[in-house]
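*Asks:* I am attaching a structure below and will ask some questions about it afterwards.
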Amino acid sequence: SAVKSYAAVDLGASSGRVMVGRVGPDSLELAEAHRFPNRPVRVPEGLRWDVLGLYAGVLDGLRAAGQVDSVGIDSWAVDYGLLDADGALLGNPVHYRDPRTEGVAEKVWATVPAAELYAATGLQYAPFNTLYQLTAARSTAQLAQARRLLLMPDLLTYWLTGEQGTELTNASTTQLIDPGTRDWAYDVASRLGIDLGLFAPLRRPGDPAGLLRDEVLEETGLTWPVPVTAVGSHDTASAVAAVPASDERFAYICTGTWSLAGLELDAPVLTEESRAANFTNELGLDGTVRYLRNIMGLWLLQECLRAWGETDLGALLLEASKAPALRSVVDAGDAAFLAPGRMPERIAEACRGTGQPVPETPAEVTRCILDSLALAHRKAVQDAQRLAGHAVDVVHVVGGGTRNALLCQLTADACGLPVVSGPTEAAALGNVLVQARAHGLVGDLPGMRRLLVNTQPLTRYEPRGGTERWRAAQARLAGT
Ligand code: ADP
Ligand code: LRH
Numbered sequence: 002s003a004v005k006s007y008a009a010v011d012l013g014a015s016s017g018r019v020m021v022g023r024v025g026p027d028s029l030e031l032a033e034a035h036r037f038p039n040r041p042v043r044v045p046e047g048l049r050w051d052v053l054g055l056y057a058g059v060l061d062g063l064r065a066a067g068q069v070d071s072v073g074i075d076s077w078a079v080d081y082g083l084l085d086a087d088g089a090l091l092g093n094p095v096h097y098r099d100p101r102t103e104g105v106a107e108k109v110w111a112t113v114p115a116a117e118l119y120a121a122t123g124l125q126y127a128p129f130n131t132l133y134q135l136t137a138a139r140s141t142a143q144l145a146q147a148r149r150l151l152l153m154p155d156l157l158t159y160w161l162t163g164e165q166g167t168e169l170t171n172a173s174t175t176q177l178i179d180p181g182t183r184d185w186a187y188d189v190a191s192r193l194g195i196d197l198g199l200f201a202p203l204r205r206p207g208d209p210a211g212l213l214r215d216e217v218l219e220e221t222g223l224t225w226p227v228p229v230t231a232v233g234s235h236d237t238a239s240a241v242a243a244v245p246a247s248d249e250r251f252a253y254i255c256t257g258t259w260s261l262a263g264l265e266l267d268a269p270v271l272t273e274e275s276r277a278a279n280f281t282n283e284l285g286l287d288g289t290v291r292y293l294r295n296i297m298g299l300w301l302l303q304e305c306l307r308a309w310g311e312t313d314l315g316a317l318l319l320e321a322s323k324a325p326a327l328r329s330v331v332d333a334g335d336a337a338f339l340a341p342g343r344m345p346e347r348i349a350e351a352c353r354g355t356g357q358p359v360p361e362t363p364a365e366v367t368r369c370i371l372d373s374l375a376l377a378h379r380k381a382v383q384d385a386q387r388l389a390g391h392a393v394d395v396v397h398v399v400g401g402g403t404r405n406a407l408l409c410q411l412t413a414d415a416c417g418l419p420v421v422s423g424p425t426e427a428a429a430l431g432n433v434l435v436q437a438r439a440h441g442l443v444g445d446l447p448g449m450r451r452l453l454v455n456t457q458p459l460t461r462y463e464p465r466g467g468t469e470r471w472r473a474a475q476a477r478l479a480g481t
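When we follow UniProt numbering, the leftmost residue of the sequence shown carries the number 2, and every step to the right adds one.
Shown next, in the form of structure tokens:
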């Protein structure tokens, strides 16, 4: 028939899901086949991903999905597994929040100064960029044994198909890619003694990535042949591909564990001003650049909820909506919030340190977090427009945060722009659409977006005024 089914495996830092997209010339429907928690595990050597648990979740999801025309995988960025000479995984992949990268960047910059690194790779400074992780791992026995490095979605693809590759959008988060040539940054790698031979050849969204192996077919009950198709395997690349924009004058905020806020551009912005503002140039679909800033995101709330124990999120958000607005704000871009643990206390300390009232109740802390996120969204959207010389009329919010109406409204208020929220499962939809395109079902990126506009439920939030109060709150933080 004209309608085809695609399985999208989307692994976020807080949960994994396998979604089934049914795509026709004018139709697009998405259904959840399986969702499972993604719980990092602390072992004596540090914080690790439970990659076998994730793979088991993927297999369960494919079984629940039933027969599909293709499978695509996306996940969070930067992390990887190492394989030995036999192709076996060496140890559990290290979590990007593991403290092993503390103080490593300074060592890297002694060889390649930060300004040169930005000019060559366009990547923001974040302690967890793969480049710093590999430098931190330099003298480990594990890296010495490693013959291959596969980024998380590429590792799972390898287990499903037996074929190895390095998908470009996710490779762009390693800080080893040149955003101008969209190829490896050979000079940076060689100066830092990083062996690019560890990486499998680059592949691009839409490229074939093999067929499900016999054993996988047996475990999932699927029938040969089921192709795996490379998608924008960085979850944020897939999510941005699924922003339902109708022209170029838009900003986006991908909200989940992180808030990734910025613009889609035709070319990277590599100025010194852009580096100082810590904007990143990650690669998107079809020659686009994802010019954005990482903001701590709903991680702040996730960690508070973990500290508070059993909490009804709906009731908490309702209470937070009634709490006084902009009483205290923290810098939601501050890497001081990166590590897990003691989040309510750390937020209280940040408020005290900036001479603001300390939020006491869970509702007050939640309001502080949401006000702070909205404020950081405002700053990122404003800074990006200025630094890239690209003006916008609307802010698209996609991802799990679209379920949080208070966050969407506060973001509209703070930005002084209308917010269009949805789709919630943007990464999965971008994943599905790239597969559908590879199989000739949909057209170019604008065509994919038209299909989203015509088929997906979206909600519009108008700014309610009061931008002066947001400016004042920004000044309060900047003054410290
Ligand atoms: P990730 O992909 O990074 O794991 P998601 O995009 O799945 O994250 O978003 C998860 C976040 O979405 C949660 O931390 C939570 O704050 C928010 N969220 C999920 N469900 C709801 C809900 N019913 N109401 C409000 N917020 C929600
Ligand atoms: C969001 C995300 C983000 C990265 C972070 C490590 O899931 O991929 O784009 O910066 O995880």
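For each residue, glycine too, the CB sits at the ideal point set by N, CA and C.
(1) DSSP on residue 282, reduced to helix/strand/coil?
(2) Whole angstroms is fine: what's the gap from residue 172's alpha carbon to residue 184's?
(3) For residue 255, which residues does DSSP report across the bridge?
(4) Does DSSP put residue 185 in a helix, in a strand, or in coil?
(5) Identify every run of the alpha helix (DSSP H) within the segment 318 to 384, keeping only runs that are complete inside it and at least 4 residues long; order them along the chain.
(6) For residue 128, is the classification buried or exposed, using 16 other Cβ atoms within 10 angstroms of its Cβ as the cut-off for buried?
(7) Please report how far the alpha carbon of residue 336 lies from the alpha carbon of residue 219, in whole angstroms.
(8) According to DSSP, what are the bridge partners of residue 30?
(9) Just list the alpha helix (DSSP H) runs in the segment 99 to 156, keeping only unbroken ones of 4 residues or longer that don't cross its boundaries, in chain order.
(10) So which of 71, 27, 35 has the shortest CA-CA distance to residue 6?
(11) Less than 7 Å between the beta carbons of residue 34 and residue 24, yes or no?
(12) Relative to the C-alpha of residue 256, which candidate in 13, 356, 288 has its C-alpha closest?
(13) Restricting to Cα atoms, I'd like to know which of 107, 191, 461 is closest to residue 121.
(14) If we call anything under 7 Å between Cβ atoms a contact, is residue 330 one with residue 474?
(15) Can you tell which of 144, 84, 250 has its C-alpha closest to the C-alpha of residue 389?
(16) Exposed or buried, what is residue 286 when buried is set at 16 or more other beta-carbons lying within 10 Å of its beta-carbon?
(17) Three Cβ pairs or more, each shorter than 8 Å: is that satisfied between the segment 200 to 218 and the segment 156 to 163?
(18) Would you mind working out which of 377, 301, 362 sits nearest residue 1, comparing C-alpha positions?
(19) Could you please give me the residues that DSSP links to residue 35 through a beta bridge?
(20) Let me check you understand the geometry: is the CB of residue 14 closer than 6 Å to at least one non-hydrogen atom of the ligand ADP?
(21) Measure from the alpha carbon of residue 95 to the alpha carbon of each residue in 154, 43, 26, then state which is nearest.
(22) Would the C-beta of residue 241 count as close to the ligand LRH, meaning under 6 Å from any of its heavy atoms?
(23) Closest to residue 157 by CA distance: which of 234, 98, 419 is it?
(24) Indicate the three-state DSSP secondary structure (helix, strand or coil) for residue 168 in the structure shown.
(25) From residue 345 to residue 305, what distance separates their C-alpha atoms?
(26) Is the beta carbon of residue 137 closer than 7 Å to that of residue 83?
(27) Between which two residues does the beta strand (DSSP E) containing residue 97 stretch?
(28) Using the Cβ count rule (16 or more neighbours within 10 Å means buried), how would you classify residue 446?
(29) For residue 200, which residues from the same chain have a beta carbon less than 7 Å from its beta carbon, with the 5 sequence-adjacent residues on both sides left out?
(30) Quick one: Cα of residue 16 to Cα of residue 401, how far?
(31) Is there contact between the segment 106 to 122 and the segment 59 to 70, where contact requires at least three CB pairs shorter than 8 Å?
(32) So, is residue 380 buried or exposed, given that buried needs 16 or more other C-beta atoms within 10 angstroms?
(33) Going by the beta-carbon positions, is the gap between residue 263 and residue 293 smaller than 7 Å?
(34) Should residue 145 and residue 69 be called a contact, given that it needs their Cβ atoms to be closer than 7 Å?
(35) Run the proximity test for residue 150: is its beta-carbon closer than 6 Å to any non-hydrogen atom belonging to the ligand LRH?
(36) Can residue 80 and residue 239 be called in contact, C-beta distance under 7 Å?
*Replies:* So, to answer that:
(1) Numbered from 1 along the sequence shown, position 281 holds the residue referred to as residue 282. Three-state result, residue 282: strand.
(2) Residue numbering aside, residue 172 sits at position 171 when the sequence shown is read from its first letter. Residue numbering aside, residue 184 sits at position 183 when the sequence shown is read from its first letter. If I take the Cα positions, the gap works out to 9 Å.
(3) Here residue 255 is taken as the residue at index 254 of the sequence shown, counted from 1. Paired residues: 261, 399.
(4) Your numbering for residue 185 matches position 184 in the sequence shown. The answer is strand: DSSP assigns residue 185 an E or B state.
(5) 344 to 354
(6) Sequence index remark: in the sequence shown, residue 128 carries index 127 (1-based). By the neighbour-count rule (16 or more Cβ atoms within 10 Å), residue 128 is buried.
(7) Position 335 of the sequence shown, counted from the start, is the residue given in the question as residue 336. Position 218 of the sequence shown, counted from the start, is the residue given in the question as residue 219. Answer to the nearest angstrom: the Cα atoms are 45 Å apart.
(8) On the sequence shown, position 29 is the one that residue 30 refers to. For residue 30, which the question treats as bridged, DSSP gives the partners 23.
(9) 105 to 112, 115 to 122, 131 to 137, 142 to 146
(10) Translated into the one-based positions of the sequence shown, residue 6 becomes position 5. Here the closest residue by C-alpha is 71.
(11) Along the sequence shown, read from residue 1 onward, the residue named residue 34 stands at position 33. Along the sequence shown, read from residue 1 onward, the residue named residue 24 stands at position 23. In this structure, residue 24 does not lie closer than 7 Å to residue 34 by Cβ.
(12) As a first step, residue 256 must be located in the sequence shown, where it is residue number 255. Considering only alpha carbons, the answer is 13.
(13) Indexing the sequence shown from 1 puts residue 121 at position 120. For the residues 107, 191, 461, the minimum Cα distance to residue 121 belongs to 191.
(14) Indexing the sequence shown from 1 puts residue 330 at position 329. Indexing the sequence shown from 1 puts residue 474 at position 473. Yes, these two residues count as a Cβ contact at 7 Å.
(15) As a first step, residue 389 must be located in the sequence shown, where it is residue number 388. Checked all of 144, 84, 250; the closest Cα to residue 389 is 250.
(16) Reading the sequence shown from its first residue, position 285 is the one you call residue 286. Per the 10 Å Cβ criterion, buried.
(17) yes
(18) One cannot answer for residue 1 here, as it falls past the ends of the chain, which runs 2 to 481.
(19) Within the sequence shown, residue 35 is the residue found at index 34, counting from 1. Bridge partners of residue 35: 19.
(20) Taking the sequence shown and counting its residues from 1, the one referred to as residue 14 is at position 13. Yes, the Cβ of residue 14 comes within 6 Å of a heavy atom of the ligand ADP.
(21) Residue mapping note: residue 95 aligns to position 94 of the sequence shown, counting from 1. When each option's Cα is compared against that of residue 95, the closest is 43.
(22) Numbered from 1 along the sequence shown, position 240 holds the residue referred to as residue 241. Checking every heavy atom of the ligand LRH against the Cβ of residue 241, none is found closer than 6 Å.
(23) Taking the first residue of the sequence shown as 1, we reach residue 157 at position 156. The shortest C-alpha separation from residue 157 is found at 234.
(24) For the purposes of this step, residue 168 is taken as the residue at position 167 of the sequence shown. Residue state, collapsed to three classes: strand.
(25) As a working mapping, residue 345 is identified with position 344 in the sequence shown. As a working mapping, residue 305 is identified with position 304 in the sequence shown. Using only the alpha carbons, I get a separation of about 6 Å.
(26) Position 82 of the sequence shown, counting from 1, holds the residue named residue 83. Position 136 of the sequence shown, counting from 1, holds the residue named residue 137. Not in contact: residue 83 and residue 137 (Cβ atoms no closer than 7 Å).
(27) For the purposes of this step, residue 97 is taken as the residue at position 96 of the sequence shown. It is not in any beta strand (DSSP E) - residue 97 carries neither H nor E in the DSSP assignment.
(28) Translated into the one-based positions of the sequence shown, residue 446 becomes position 445. Result: buried.
(29) As a working mapping, residue 200 is identified with position 199 in the sequence shown. 150, 167, listed in sequence order.
(30) Here residue 16 refers to the residue found at position 15 when the sequence shown is read from its first residue. Here residue 401 refers to the residue found at position 400 when the sequence shown is read from its first residue. When rounded, the distance between both Cα atoms is 11 Å.
(31) no
(32) Within the sequence shown, the letter at position 379 stands for residue 380. Looking at its Cβ environment, which holds 16 or more other Cβ atoms inside 10 Å, residue 380 is buried.
(33) As a working note, residue 263 is residue 262 in the sequence shown. As a working note, residue 293 is residue 292 in the sequence shown. Yes.
(34) Mapped onto the sequence shown, residue 145 falls at position 144. Mapped onto the sequence shown, residue 69 falls at position 68. In this structure, residue 69 does not lie closer than 7 Å to residue 145 by Cβ.
(35) Here the question's residue 150 lines up with position 149 in the sequence shown. No, the beta carbon of residue 150 sits no closer than 6 Å to any heavy atom of the ligand LRH.
(36) Here residue 80 is taken as the residue at index 79 of the sequence shown, counted from 1. Here residue 239 is taken as the residue at index 238 of the sequence shown, counted from 1. No, Cβ-Cβ distance for residue 80 and residue 239 is not below 7 Å.
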